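Visitor: The sequence shown begins at 6 in the working numbering and counts up one residue at a time.
Could you have a look at this structure, given as structure tokens, before my questions?
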Amino acid sequence: MIFSDFEYFVFFLFVFFTVWYLFPAIFSNQSKETRILHIFLLISSYFFYMSWDYRFGALILLSTAIDFYVGLKLANETREKIRYYLLLFSLITNLVFILGFFKYYNFVVTSMNSFTNVMFGGEYLPVLKIILPAGISFFTFQSLSYTIDVYRKEIPAETDFIRFALFVSFFPQLVAGPIVTARTFMPQLYSPKKLEDIEFRVAIRFFMLGYFKKAVLSDMVAPTIDAIYANPAGHHAYALLIAAALGGIQVYLDFSGYSDMAIGSAMLLGYKLPTNFNLPFIATSVSGFWRRWHMTLNSWLRDYIYIPMGGSRVTSVRRKFNLWFTMFVSGVWHGAQWTFVFWGSLNGFFYVLEEIWKEWFPDKKDSTSGQSSLLVQIPVWLFQNVLNNSIFFLGAVFFRSLTWENAWIHLKGIFLFQDGNLRPYMWKDFLWIIGFLTIGHAIGYFLFEKGKGKKIPASFEFAMYPILFLVLNLATPENSVPFIYFQF
């Protein structure tokens, strides 16, 4: 069940009407209604998650139970050494025995077998048939944020298992984010929810925009991208360039579309999820791009990896290493393949390179007149923006390629300008996606960053919903494509 499927609409409507109409009609006691509401949302979340595979429910329950227990022990324990061991128990259990086993076991074993085969002529470790649970990296990081914050004494321990389990498994953001921390979500479970407080227009905008990104734009170009990435050696350099750009854009449309639908779904139930993307392709620097891309993951890595390592409160060399290592962890988090490891390391390298550039060539304020300054600023901005996006798109080849070998064949074909298959539909897909992306970012920039938008009358907006729904339905490809980030 994915957000763009009809099954999800039926499921969500059932949850929505039960929460806002059935329960208020049955229960007159506010506290009792809230308790039943939490239990119902928890059951609904587990049903949603187990619709992929019923066995996934046991895994998320295990992770939830461990961190709930650790949180209670941390709150009642005063000996720092014991508290440290409790946190270590949570980290090892989640990162090694849950996330490590299910996501990285076969990757590590295969890599070690390749090494021993070269060195000693044999493979000695067994490769297991492991089903990767959807969204395991997301709920693991969410649960870990709780135990780490309780250990730091930044939040109190949750004493109610139902509430904590709902925080870990809340279905709108369960399988592909945004990553929610306990400090931002848990307080929402204590505040009363009222139907009249919901910003319906904002929520519906989020969901419909997300649906358009994912089910229309991303799914429409998926066959073209998949065909080129499946056989990079057989395609022309221009086709490979098109696939490099479209592959990066598809990840954005797919993931930001899912995040928008998650935010809209949660908002319709009375909960607020953090923004996950903020017009990343208008960025003119590496650091600026990653402040706008997968913002909740980058915030998590900043709070729980970068800052504990010393952040920027260390020497210049150590700070650069901290930046590189944080991006390296991001790459490892994304997937159990050497392509993801290299992708994260490459992003870290460009991050460090930018820091060195800033040290050598610090920014200088333009003292010329406003008109001449603008004439200078626009070409400079355009050059920086194209360069920054080009770096991302070429790096995305490693993110999107099926194998390490395919990624290098893809890049080699671009730079050696190889001949091969190049069809008109490839250019068509490239041009209309770039057009939508440019228009969308321009509108978003003037609406949200400049605040120049005008309010749309509510009556007109609601009257347009049936038309928009029909247009989206007609524009949706017949076969839906699974969300790319489900594998993470």
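Glycine included, C-beta positions come from ideal geometry on N, C-alpha and C.
This one's a predicted model, so the numbers in the text were calculated from it and none came from an experiment.
#1: My guess is that residue 390 and residue 287 are in contact by the Cβ rule of under 8 Å, so how many angstroms apart are they, rounded?
#2: Taking C-beta to C-beta, are residue 184 and residue 211 nearer than 8 Å?
#3: Excluding sequence positions up to five away, which residues of its chain have a Cβ less than 7 Å from the Cβ of residue 167?
#4: Please list, in chain order, all residues of the same chain as residue 411 whose beta carbon is under 6 Å from its beta carbon, the five residues on each side excluded.
#5: State the start and end residues of the unbroken alpha helix (DSSP H) segment that holds residue 201.
#6: Under 8 Å, do residue 360 and residue 328 count as touching if we go by C-beta distance?
#7: Span of the alpha helix (DSSP H) holding residue 20?
#8: Name, in chain order, the residues that DSSP records as bridge partners for residue 426.
#9: Please classify residue 19: is it buried, with 16 or more other beta-carbons within 10 angstroms of its beta-carbon, or exposed?
#10: Among the residues of its own chain, which have a CB less than 8 Å from the CB of residue 386, if the five just before and after it don't count?
#11: Please give me, in chain order, every unbroken run of the alpha helix (DSSP H) with length at least 4 that falls completely inside the region 67-105.
#12: From residue 65 to residue 174, what does the alpha carbon distance come to, in whole angstroms?
#13: Confirm, please, whether the CB-CB distance from residue 81 to residue 500 is below 8 Å.
#14: Give a yes or no on whether the C-beta atoms belonging to residue 252 and residue 84 are separated by under 8 Å.
#15: Please give the ranges of any alpha helix (DSSP H) in the region 133-181, keeping only runs that are unbroken, at least 4 residues long and fully inside the region.
#16: Secondary structure at residue 483, three-state DSSP: helix, strand or coil?
#17: Excluding the 5 residues flanking residue 223 on each side, which residues of the same chain have their C-beta closer than 8 Å to its C-beta?
#18: Quick check on residue 14: buried or exposed, where buried means 16 or more other Cβ atoms within 10 Å of its Cβ?
#19: In three-state DSSP terms, what is residue 33?
#20: Suppose the cutoff is 7 Å on Cβ atoms and the five residues either side in sequence are ignored; what does the same chain contact list for residue 431 look like?
#21: Should residue 276 go down as buried or exposed, given a rule of 16 or more other Cβ atoms within 10 Å for buried?
#22: Looking only at its chain, what residues have a beta carbon closer than 7 Å to the beta carbon of residue 438, apart from the 5 residues adjacent to it on each side?
#23: Classify residue 448 as buried or exposed, calling it buried when 16 or more other Cβ atoms lie within 10 Å of its own Cβ.
#24: DSSP three-state label for residue 7, please.
#25: Kindly examine the ligand NAD and report whether one of its heavy atoms sits closer than 7 Å to the Cβ of residue 314.
#26: Just the C-alpha distance for residue 206 and residue 463, rounded to the nearest angstrom, thanks.
#27: Roughly how many whole angstroms lie between the Cα atoms of residue 31 and residue 170?
#28: Whole angstroms are fine: how far does the CA of residue 147 sit from the CA of residue 341?
#29: Indicate whether residue 334 and residue 358 have their beta-carbon atoms separated by less than 8 Å.
#30: Output the boundary residues of the alpha helix (DSSP H) element that contains residue 462.
#31: Excluding five sequence neighbours on each side, which residues of the same chain lie with their C-beta closer than 7 Å to the C-beta of residue 94?
#32: Go through its chain and collect everything with a Cβ distance to residue 345's Cβ below 6 Å, but skip five positions before and after it.
#33: Hey, residue 180 and residue 59: beta-carbon distance below 8 Å or not?
#34: Looking only at its chain, what residues have a beta carbon closer than 8 Å to the beta carbon of residue 373, apart from the 5 residues adjacent to it on each side?
#35: What number of angstroms, rounded off, separates the C-alpha of residue 415 from the C-alpha of residue 231?
#36: Taking the alpha helix (DSSP H) that residue 351 belongs to, which residues open and close that run?
Guide: On the basis of the data shown:
#1: The pair is a contact, with the Cβ atoms about 7 Å apart (cut-off 8 Å).
#2: With contacts defined by Cβ atoms closer than 8 Å, residue 184 and residue 211 do not form a contacting pair.
#3: Hits under 7 Å: 43, 44 and 47.
#4: Hits under 6 Å: 237.
#5: That residue, residue 201, is in no alpha helix (DSSP H); it is neither H nor E in DSSP.
#6: Yes. Within cutoff.
#7: 11-22 is the span of the alpha helix (DSSP H), which, as asked, contains residue 20.
#8: Under DSSP, the beta-bridge partners assigned to residue 426 are 240.
#9: Exposed, by the Cβ-count rule.
#10: So the qualifying residues of the chain are 289.
#11: 85-97, all fully within the region 67-105.
#12: In this structure, the straight-line span from the alpha carbon of residue 65 to that of residue 174 is close to 8 Å.
#13: Examination of residue 500 is not possible in this model, given that the chain is present from 6 through 493 alone.
#14: The Cβ atoms of residue 252 and residue 84 do not sit closer than 8 Å to each other.
#15: Taken in chain order, the complete alpha helix (DSSP H) segments of 4 residues or longer contained in the region 133-181 are 141-156 and 166-174.
#16: Correct three-state label for residue 483: coil.
#17: Around residue 223: 255, 258, 259, 262 and 486.
#18: Exposed, by the Cβ-count rule.
#19: Residue 33: coil per DSSP, three-state reduction.
#20: Residues 229, 244 and 247 of the same chain have their beta carbon placed closer than 7 Å to that of residue 431, with the five preceding and five following residues left out of the count.
#21: Residue 276 is buried by the Cβ-count criterion.
#22: For residue 438, where only same-chain residues beyond five positions count, the Cβ hits under 7 Å are 222, 226, 251 and 254.
#23: By the neighbour-count rule (16 or more Cβ atoms within 10 Å), residue 448 is not buried but exposed.
#24: Residue 7: coil per DSSP, three-state reduction.
#25: Absence of the ligand NAD is noted for the structure shown, with no ligands found whatsoever.
#26: If you take the alpha carbons of residue 206 and residue 463, they lie about 8 Å apart.
#27: The alpha-carbon atoms of residue 31 and residue 170 are separated by roughly 24 Å.
#28: Between residue 341 and residue 147, the C-alpha separation is close to 19 Å.
#29: No, the pair does not count as a contact, with Cβ atoms beyond the cut-off.
#30: From DSSP, residue 462 is part of no alpha helix (DSSP H); its letter is neither H nor E.
#31: Within the same chain, 75 come within 7 Å of residue 94 by CB-CB distance, once the 5 residues on both sides are set aside.
#32: Taken in chain order, the residues that qualify are 336 and 339.
#33: No, the pair does not count as a contact, with Cβ atoms beyond the cut-off.
#34: Caution applies to residue 373, whose pLDDT of 49 falls short of 50 and renders its modelled position unreliable; the value that the coordinates give is listed next. So the qualifying residues of the chain are 381.
#35: Approximately 13 Å between the Cα atoms of the pair.
#36: Segment 343-365, the alpha helix (DSSP H) holding residue 351.
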